[in-house]
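Going by full-length UniProt numbering, the first residue of the sequence shown is number 1, and it counts up by one from there.
The beta carbon of each residue, even a glycine, is placed where N, CA and C say it ideally should be.
Quantities reported herein were computed from a predicted structural model and do not represent experimental measurements.
Accompanying notes for the structure given below.
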Amino acid sequence: MAPMGIRLSPLGVAVFCLLGLGVLYHLYSGFLAGRFSLFGLGGEPGGGATGPAAAADGGTVDLREMLAVSVLAAVRGGDEVRRVRESNVLHEKSKGKTREGAEDKMTSGDVLSNRKMFYLLKTAFPSVQINTEEHVDAADQEVILWDHKIPEDILKEVTTPKEVPAESVTVWIDPLDATQEYTEDLRKYVTTMVCVAVNGKPVLGVIHKPFSEYTAWAMVDGGSNVKARSSYNEKTPRIVVSRSHSGMVKQVALQTFGNQTTIIPAGGAGYKVLALLDVPDKSQEKADLYIHVTYIKKWDICAGNAILKALGGHMTTLNGEEISYTGSDGIEGGLLASIRMNHQALVRKLPDLEKTGHK
1 MAPMGIRLSP
11 LGVAVFCLLG
21 LGVLYHLYSG
31 FLAGRFSLFG
41 LGGEPGGGAT
51 GPAAAADGGT
61 VDLREMLAVS
71 VLAAVRGGDE
81 VRRVRESNVL
91 HEKSKGKTRE
101 GAEDKMTSGD
111 VLSNRKMFYL
121 LKTAFPSVQI
131 NTEEHVDAAD
141 QEVILWDHKI
151 PEDILKEVTT
161 PKEVPAESVT
171 VWIDPLDATQ
181 EYTEDLRKYV
191 TTMVCVAVNG
201 KPVLGVIHKP
211 FSEYTAWAMV
221 DGGSNVKARS
231 SYNEKTPRIV
241 VSRSHSGMVK
251 QVALQTFGNQ
261 TTIIPAGGAG
271 YKVLALLDVP
281 DKSQEKADLY
291 IHVTYIKKWD
301 ICAGNAILKA
311 LGGHMTTLNG
321 EEISYTGSDG
331 IEGGLLASIR
341 MNHQALVRKL
351 PDLEKTGHK
């Protein structure tokens, strides 16, 4: 019996105690979070952890830092690609057939490059969505740390941080573009690529050539280490196309631009985009347009799209639609890439190619 005749219910006592514990928890959780942040554990700058650490709680990421890590990832992946090719032990196998009926090949170069690139980016930016061509096996997980150093050439071009919400970012990785050519030892076509899209729009692109150790990068509304050539031939262009269907493009291109048009068969989407630019690589062919008429995966083209966009160029479907880098991992409508040309006028010239691209 309680004093003054008040009877205490066991249930009431329990509820009262739980409420008290809840108040104490909220008071001390805020206090402890503040204490931890002093040691760099709460996502705020501290102990040398900046940028990517803040993204761990789903906050923001700095695109300048993402560019630095993307360049490093492409180079690290390229090192694996080169090492495997020079060992001449590719462990080549087929993942199945492409839509055109060709073997969709995979090698140890693809797998090891993918592992380095994916885990470097994932460790640095754990909150962002990363899409990659090859399967990521949890059993092969690595913690690959970034030293938080931004290269001088990036700092020179991109002078201030550029923060965006982590949830708006999608990263596209191609750990080895032109695998078919890689197995044939046609090394000049091979690239590793990273692209960062924000709300589906490509804003960062990196294309690395492992065998010449050349790297092109660009940020939309930021800067680049590559530029357009001084002139392009719009009347009788040199058109770079896939080696697998050069004849399909040639027939329509000759009808559209005349018999003086040159068709350049090449491997790898990264190589084809670089063909449109001023690249200091003697093995790199030069073209005025890049046309693709069949289904293509977004990790093949996102980096090139970002670089062209940063330089004032264009990459669209064959009917002139912008490509969104969210949702599905491929596009059906083929593509047309150009720079310093009237892109929409080119689109209007190629109605037959657009139809071919959907067959």
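Residue i versus residue j - alpha carbon distance
{"i": "residue 343", "j": "residue 216", "result": "23 angstroms"}
{"i": "residue 347", "j": "residue 318", "result": "6 angstroms"}
{"i": "residue 63", "j": "residue 150", "result": "11 angstroms"}
{"i": "residue 235", "j": "residue 194", "result": "33 angstroms"}
{"i": "residue 125", "j": "residue 333", "result": "32 angstroms"}
{"i": "residue 59", "j": "residue 176", "result": "31 angstroms"}
{"i": "residue 242", "j": "residue 66", "result": "30 angstroms"}
{"i": "residue 141", "j": "residue 119", "result": "7 angstroms"}
{"i": "residue 136", "j": "residue 188", "result": "27 angstroms"}
{"i": "residue 186", "j": "residue 326", "result": "32 angstroms"}
{"i": "residue 167", "j": "residue 127", "result": "7 angstroms"}
{"i": "residue 329", "j": "residue 322", "result": "15 angstroms"}
{"i": "residue 262", "j": "residue 247", "result": "12 angstroms"}
{"i": "residue 345", "j": "residue 192", "result": "32 angstroms"}
{"i": "residue 50", "j": "residue 83", "result": "Confidence in residue 50 is poor, its pLDDT being 36 and thus under 50, which makes the residue's placement unreliable; the coordinate value appears in the next sentence. Cα to Cα, the separation comes out at about 33 angstroms."}
{"i": "residue 161", "j": "residue 282", "result": "35 angstroms"}
{"i": "residue 143", "j": "residue 253", "result": "48 angstroms"}
{"i": "residue 260", "j": "residue 288", "result": "13 angstroms"}
{"i": "residue 130", "j": "residue 256", "result": "39 angstroms"}
{"i": "residue 250", "j": "residue 209", "result": "27 angstroms"}
{"i": "residue 114", "j": "residue 269", "result": "17 angstroms"}
{"i": "residue 86", "j": "residue 132", "result": "24 angstroms"}
{"i": "residue 244", "j": "residue 300", "result": "15 angstroms"}
{"i": "residue 183", "j": "residue 267", "result": "12 angstroms"}
{"i": "residue 159", "j": "residue 240", "result": "35 angstroms"}
{"i": "residue 233", "j": "residue 280", "result": "20 angstroms"}
{"i": "residue 48", "j": "residue 123", "result": "Unreliable placement is indicated for residue 48, whose pLDDT of 32 sits below 50; the coordinate value is still reported in the next sentence. Going by the C-alpha atoms only, they are around 16 angstroms apart."}
{"i": "residue 207", "j": "residue 190", "result": "10 angstroms"}
{"i": "residue 237", "j": "residue 139", "result": "49 angstroms"}
{"i": "residue 336", "j": "residue 111", "result": "30 angstroms"}
Run of the alpha helix (DSSP H) containing residue i, from where it starts to where it stops
{"i": "residue 282", "result": "Looking at the DSSP string, residue 282 is not in any alpha helix (DSSP H), and its letter there is neither H nor E."}
{"i": "residue 79", "result": "63-87"}
{"i": "residue 152", "result": "152-157"}
{"i": "residue 305", "result": "298-310"}
{"i": "residue 123", "result": "108-124"}
{"i": "residue 340", "result": "Careful: residue 340 lies outside any alpha helix (DSSP H) and carries neither H nor E."}
Endpoints, beta strand (DSSP E) assigned at residue i
{"i": "residue 334", "result": "First-last for residue 334: undefined, no H or E at that position."}
{"i": "residue 316", "result": "314-316"}
{"i": "residue 141", "result": "Element bounds for residue 141: n/a, residue is neither H nor E."}
{"i": "residue 132", "result": "129-132"}
Proximity winner among the options, relative to residue i (alpha-carbon distances)
{"i": "residue 75", "options": "259, 214 and 292", "result": "214"}
{"i": "residue 311", "options": "340, 289 and 264", "result": "340"}
{"i": "residue 211", "options": "271, 336 and 128", "result": "271"}
{"i": "residue 306", "options": "274, 146 and 134", "result": "274"}
{"i": "residue 315", "options": "250, 292 and 147", "result": "292"}
{"i": "residue 163", "options": "198, 301, 92 and 231", "result": "198"}
{"i": "residue 108", "options": "79, 123, 290 and 269", "result": "79"}
{"i": "residue 258", "options": "331, 280, 93 and 349", "result": "349"}
{"i": "residue 169", "options": "161, 158, 201 and 267", "result": "201"}
{"i": "residue 179", "options": "207, 94 and 172", "result": "94"}
{"i": "residue 276", "options": "106, 152 and 229", "result": "229"}
{"i": "residue 297", "options": "122, 91 and 173", "result": "173"}
{"i": "residue 204", "options": "183, 226 and 190", "result": "226"}
{"i": "residue 105", "options": "116, 90, 117 and 115", "result": "90"}
{"i": "residue 147", "options": "68, 221, 115 and 154", "result": "68"}
{"i": "residue 121", "options": "237, 223, 72 and 313", "result": "72"}
{"i": "residue 153", "options": "313, 171, 224 and 183", "result": "224"}
{"i": "residue 264", "options": "285, 231, 157 and 196", "result": "285"}
{"i": "residue 313", "options": "196, 220, 331 and 237", "result": "220"}
{"i": "residue 145", "options": "134, 337, 112 and 117", "result": "117"}
DSSP bridge partner residues for residue i (one or two, in chain order)
{"i": "residue 328", "result": "Paired residues: none, contrary to the question."}
{"i": "residue 205", "result": "195 and 218"}
{"i": "residue 322", "result": "316"}
{"i": "residue 105", "result": "94"}
C-beta neighbour in chain C for residue i, strict 8 angstroms
{"i": "residue 302", "result": "Note that chain C does not occur in the displayed structure, where there is just one protein chain."}
heavy atom of the ligand HEM below 7 angstroms from residue i C-beta
{"i": "residue 117", "result": "With respect to the ligand HEM, the structure offers nothing, as it holds no ligand at all."}
Exercise. Where in the region 144-199 do unbroken runs of the beta strand (DSSP E), each at least 3 residues long, occur, reported from the N-terminal end onward?
Worked result: 163-165, 169-177 and 191-198
Exercise. Counting only runs that start and end within the region 210-293, where is the alpha helix (DSSP H) found for 4 or more residues in a row?
Worked result: 246-257 and 269-274
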